[in-house]
Amino acid sequence: MISVPQRYWLSVDDERKRYDLHDNSVSNGGYVKFLSQIVDVLMPVSRPTMTALDFGCGENAVLCQLINDKGIDCCGYDPLYQHLLPDKNFDIIILCEVIEHIRDINAELRLINKLLRDDGIVIIRTQIYGGPSVFPSWWYAQDPTHINFFSRQSLNKTARIISRQLKSTIHPDIFILQ
Numbered sequence: 046m047i048s049v050p051q052r053y054w055l056s057v058d059d060e061r062k063r064y065d066l067h068d069n070s071v072s073n074g075g076y077v078k079f080l081s082q083i084v085d086v087l088m089p090v091s092r093p094t095m096t097a098l099d100f101g102c103g104e105n106a107v108l109c110q111l112i113n114d115k116g117i118d119c120c121g122y123d124p125l126y127q128h129l130l131p132d133k134n135f136d137i138i139i140l141c142e143v144i145e146h147i148r149d150i151n152a153e154l155r156l157i158n159k160l161l162r163d164d165g166i167v168i169i170r171t172q173i174y175g176g177p178s179v180f181p182s183w184w185y186a187q188d189p190t191h192i193n194f195f196s197r198q199s200l201n202k203t204a205r206i207i208s209r210q211l212k213s214t215i216h217p218d219i220f221i222l223q
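So for the sequence shown, my numbering puts the first residue at 46; every next one is plus one.
Here's what the structure looks like:
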């Protein structure tokens, strides 16, 4: 994993201002289509009685709306937008374009592990970097809110930290930790 040194991180306020430039709403068809790929990955591994948490849901919690529409109880958590963490455990925790923003990976993985039921799964969506030679010109590394960049090896380690195994999906940027 490559991590940006803390001295280069944006302030929390500047980070939120950058996110606010996005149109992450249910009226943005491209965004809904992007999130629908997560729902497509989720459905085969879910049951209607499961509960899900969109960890880092953003201001509008659109993914929660899409998952709730499929009959799975989903709530959102995002401290930047005052979506508070529910006091319960979850069958599924989703980090869609979130893990690359997390300031304290170890603490957040401990929190995720605490929130996850024993047989629960984590779905992570993030771009995988292709190695040191391509990193400097990689578009994903140009976003100043991205402070963590994962290889397949570092995602495998992430899965092991929360006692899961990394599984690929048909999408090169969506992974299941089961």
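All residues carry an ideal CB built from backbone N, CA and C; glycine is no exception.
Note that the coordinates shown come from a computational prediction; the quantities given were computed from them, not determined experimentally.
The residue among Ser81, Arg148, Val90 and Tyr76 with its C-alpha nearest the C-alpha of Gln223 is Val90. Per DSSP, Asp85 is one residue of the alpha helix (DSSP H) stretching across Gly74 to Leu87. Secondary structure of Ser208 (DSSP, three-state): coil. Collapsing the DSSP output to three states places Arg52 in a helix. Looking at His146, Ser72 and Cys141, the one whose alpha-carbon comes closest to that of His216 is Cys141.
By the Cβ criterion, the stretch 137-154 is in contact with the stretch 193-200, since at least three pairs of Cβ atoms, one from each stretch, lie closer than 8 Å.
Taking the Cα of Asn113 as reference, the smallest distance to any Cα among Asp123, Ile137 and Tyr126 is reached at Ile137. Scanning the stretch 112-147 from its first residue to its last, the whole beta strand (DSSP E) runs of 3-plus residues come out as 118-122 and 135-141. The Cβ-Cβ distance between Tyr64 and Val107 does not fall below 8 Å. Ile219: member of the beta strand (DSSP E) spanning Ile219 to Leu222, first to last residue.
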